[in-house]
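Trainee: Encoded as structure tokens, here's the structure I'll be asking about.
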Amino acid sequence: MPAPHPGQIREMNLSDVADLGYPLPPPNFPLVWSEHDEVELRSRLEIEIRCVILHVLLTAALGASREVTLGWLERNEIADHLTDDERMFLERRSGNIDEFMLCIEAEWALAWLLGIADELDPTQYVGDGLAAWAPNLQEDEPFETWRLRSPVQIRSAEEAAVLLDLYYCLDAGNAEAMRADAFPPGVTQPYVIGQRRWALEWAVIFRGDDHGDPPAWDEVEMGV
Numbered sequence: 019m020p021a022p023h024p025g026q027i028r029e030m031n032l033s034d035v036a037d038l039g040y041p042l043p044p045p046n047f048p049l050v051w052s053e054h055d056e057v058e059l060r061s062r063l064e065i066e067i068r069c070v071i072l073h074v075l076l077t078a079a080l081g082a083s084r085e086v087t088l089g090w091l092e093r094n095e096i097a098d099h100l101t102d103d104e105r106m107f108l109e110r111r112s113g114n115i116d117e118f119m120l121c122i123e124a125e126w127a128l129a130w131l132l133g134i135a136d137e138l139d140p141t142q143y144v145g146d147g148l149a150a151w152a153p154n155l156q157e158d159e160p161f162e163t164w165r166l167r168s169p170v171q172i173r174s175a176e177e178a179a180v181l182l183d184l185y186y187c188l189d190a191g192n193a194e195a196m197r198a199d200a201f202p203p204g205v206t207q208p209y210v211i212g213q214r215r216w217a218l219e220w221a222v223i224f225r226g227d228d229h230g231d232p233p234a235w236d237e238v239e240m241g242v
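Per our numbering, the very first residue in the sequence shown carries number 19; after that it's consecutive.
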């Protein structure tokens, strides 16, 4: 579908940025997409697979066994979708555990795309109900069984693009505070904005002269 007008969306989002207590980005701050671009979302299956991978990583970071985590992905033929760093963490528990703990906010953003989360409020942390919605790894709930008990109402690509632009601007405010060695703006920790933006950058696909192939999860460009 045609992407919404980027300039109009940016103008609308800048009002929200100010209301949320974040600094406005400079006038030359890049737009996420261009006029006349097309926008779409990754498929429901792709989003669900990435959701359960993030859930498995969080569960592993909280101390669950290899059998419960990587074993579940292997039994459900999902392990091939892991990045190299994710696989190494699940196999050897090597890497930054704290980093994988933060991915709960990326999972929450993907749950929002699937219509499970009612809103993706930058002033709120992950909502209640995420653990109950996710597959029950301890009971070895099959992936397909989980999909059947978890009816989704996937959001429009246009709605997702609007929110991506907002989180892009908010992330820039956090980055500017970090460069200035100042306290971050907003009422949530910067990782909330960063993780949610990561999920949206991955899930929202733009088609146009300025866009290449959709990136893999670990290839998402997160510069500001």
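Cβ coordinates follow ideal geometry from the N, Cα and C atoms, glycine included.
Give me the Cβ distance between Ala179 and Ala21, rounded to the nearest whole Å; I'm assuming they're in contact under 8 Å.
Mentor: Going by Cβ atoms, the distance from Ala179 to Ala21 rounds to 6 Å, so yes, they are a contact pair.
Trainee: Return the Cβ separation of Pro24 and Glu53 in integer angstroms, given the expectation that the two are a contact with Cβ distance under 8 Å.
Mentor: About 6 Å; that satisfies the 8 Å criterion.
Trainee: What would DSSP say about Ile223, mapped onto helix, strand or coil?
Mentor: Note: Ile223 maps to strand in three-state DSSP.
Trainee: Just the Cα atoms here: how many angstroms apart are Gly191 and Glu176?
Mentor: Roughly 23 Å separates the two Cα atoms.
Trainee: Please report the distance separating the alpha-carbon of Arg167 from that of Leu155.
Mentor: Arg167 and Leu155: Cα-Cα distance of roughly 15 Å.
Trainee: For the alpha helix (DSSP H) containing Leu188, name the first residue and the last one.
Mentor: Note, Leu188: alpha helix (DSSP H), Ala175 to Arg197.
Trainee: In terms of alpha-carbon separation, which member of Asn31, Glu64, Arg68 and Val74 lies closest to Asp158?
Mentor: With distances taken between Cα atoms, Asp158 lies closest to Val74.
Trainee: Please identify the residue among Pro41, Val50 and Gln26 whose C-alpha is closest to the C-alpha of Asp228.
Mentor: Closest option to Asp228, Cα to Cα, is Val50.
Trainee: Classify Asn114 as buried or exposed, calling it buried when 16 or more other Cβ atoms lie within 10 Å of its own Cβ.
Mentor: Counting Cβ neighbours within 10 Å, Asn114 comes out exposed, since fewer than 16 surround it.
Trainee: Can you give the beta carbon distance from Tyr185 to Ile223, rounded, assuming they're within the 8 Å contact cut?
Mentor: Contact flag wrong, Cβ pair sits at about 16 Å.
Trainee: Assuming His99 and Ile67 form a contact by the criterion Cβ under 8 Å, report the distance between their Cβ atoms to the nearest whole angstrom.
Mentor: Confirmed, Cβ separation roughly 5 Å.
Trainee: Buried or exposed: which applies to Arg225, given that a residue is buried once 16 or more other Cβ atoms fall within 10 Å of its Cβ?
Mentor: Burial call: exposed.
Trainee: Alpha carbon to alpha carbon, how far is Trp90 from Phe201?
Mentor: If you take the alpha carbons of Trp90 and Phe201, they lie about 41 Å apart.
Trainee: May I ask which residues mark the beginning and end of the alpha helix (DSSP H) holding Glu117?
Mentor: Residues Ile115 to Met119.
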